[in-house]
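Okay, structure first, notes after.
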Amino acid sequence: MNQLAAAAAAVIAALSSPAVASPAGEWRIADGTANVAIRSCGANFCGFVSWAKDSDMIGKPVLISMKPNGDVWAGSIVNARDGQKYVGRMSLRGEQVLKVEGCVLGGMICGGQQWSRLK
Numbered sequence: 000m001n002q003l004a005a006a007a008a009a010v011i012a013a014l015s016s017p018a019v020a021s022p023a024g025e026w027r028i029a030d031g032t033a034n035v036a037i038r039s040c041g042a043n044f045c046g047f048v049s050w051a052k053d054s055d056m057i058g059k060p061v062l063i064s065m066k067p068n069g070d071v072w073a074g075s076i077v078n079a080r081d082g083q084k085y086v087g088r089m090s091l092r093g094e095q096v097l098k099v100e101g102c103v104l105g106g107m108i109c110g111g112q113q114w115s116r117l118k
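What follows is the structure, encoded as structure tokens:
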């Protein structure tokens, strides 16, 4: 009987555990000059410029193969202006803020922004 109670408790705990929120949606970058649409790409996430003051940027990929690892997604970030690719990661700060970081030197030096969710 104790095994049945333990199994039931484990199922209840699993069902009541909060799910990791999704970064999918439309995001405004920190300086307001562009929006990035983040979508599911198989088991990962990807993102592309969906609106920009400089219309030449629209459609360019900026987040590539962002794989989930707990509440962080890691993959590649591309600078849409110059095409440079960086090791990247992103994480939600609540439902409305996404912290996005690009790193060099094997992740030793990182810089980032906080993006705001639009929808």
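Residue numbers (numbering that gives the first Met the number 0): 0 to 118. Every residue, glycine too, gets a C-beta built ideally from N, C-alpha and C.
C-alpha gap between residue i and residue j, whole angstroms
{"i": "K52", "j": "A29", "result": "13 Å"}
{"i": "K118", "j": "A36", "result": "10 Å"}
{"i": "G58", "j": "A79", "result": "10 Å"}
{"i": "C40", "j": "V61", "result": "13 Å"}
{"i": "Y85", "j": "G69", "result": "21 Å"}
{"i": "C45", "j": "R92", "result": "19 Å"}
Collapsed DSSP secondary structure at residue i in the structure displayed
{"i": "M65", "result": "strand"}
{"i": "L91", "result": "strand"}
{"i": "L97", "result": "strand"}
{"i": "G111", "result": "strand"}
Counted within 10 angstroms of its Cβ, other Cβ atoms place residue i as buried (16 or more) or exposed
{"i": "R88", "result": "buried"}
{"i": "A23", "result": "exposed"}
{"i": "L97", "result": "buried"}
{"i": "V48", "result": "buried"}
{"i": "V103", "result": "exposed"}
{"i": "A20", "result": "exposed"}
{"i": "M107", "result": "exposed"}
Problem set entry | Start-end ranges of the beta strand (DSSP E) lying completely within the stretch 24-77, minimum 3 residues | 24-27, 33-40, 43-51, 60-68 and 71-77
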